[in-house]
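Undergrad:
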Amino acid sequence: MSNYTIEGQLQAKQYFELFAMVDEVSNKADAETAT
């Protein structure tokens with residue numbers, strides 16, 4: 032149970048970092064398009 036929870040938290044962290052990175056890239060793309 033605890034092992035599964037730790038794994039889930041790790042996965043959630045990876046997804047969060049991935050989405051943050053994608054968000055940053057899309058924001059840069061929007062800025063370049065607006066210029």
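For what it's worth, the working numbering labels the leading residue of the sequence shown as 32, then goes sequentially.
All C-beta atoms in this analysis are idealised placements derived from N, C-alpha and C, irrespective of residue type, glycine included.
(1) Taking only the alpha-carbon atoms, compute the straight-line gap between L49 and S33 and give it to the nearest angstrom.
(2) If you draw a straight line from the alpha carbon of K44 to that of E63, how long is it in whole angstroms?
(3) Return helix, strand or coil for T66, following the three-state DSSP convention.
(4) At the level of alpha carbons, what is the spacing between F47 and D61?
TA: According to the data block:
(1) 24 Å
(2) 29 Å
(3) coil
(4) 21 Å
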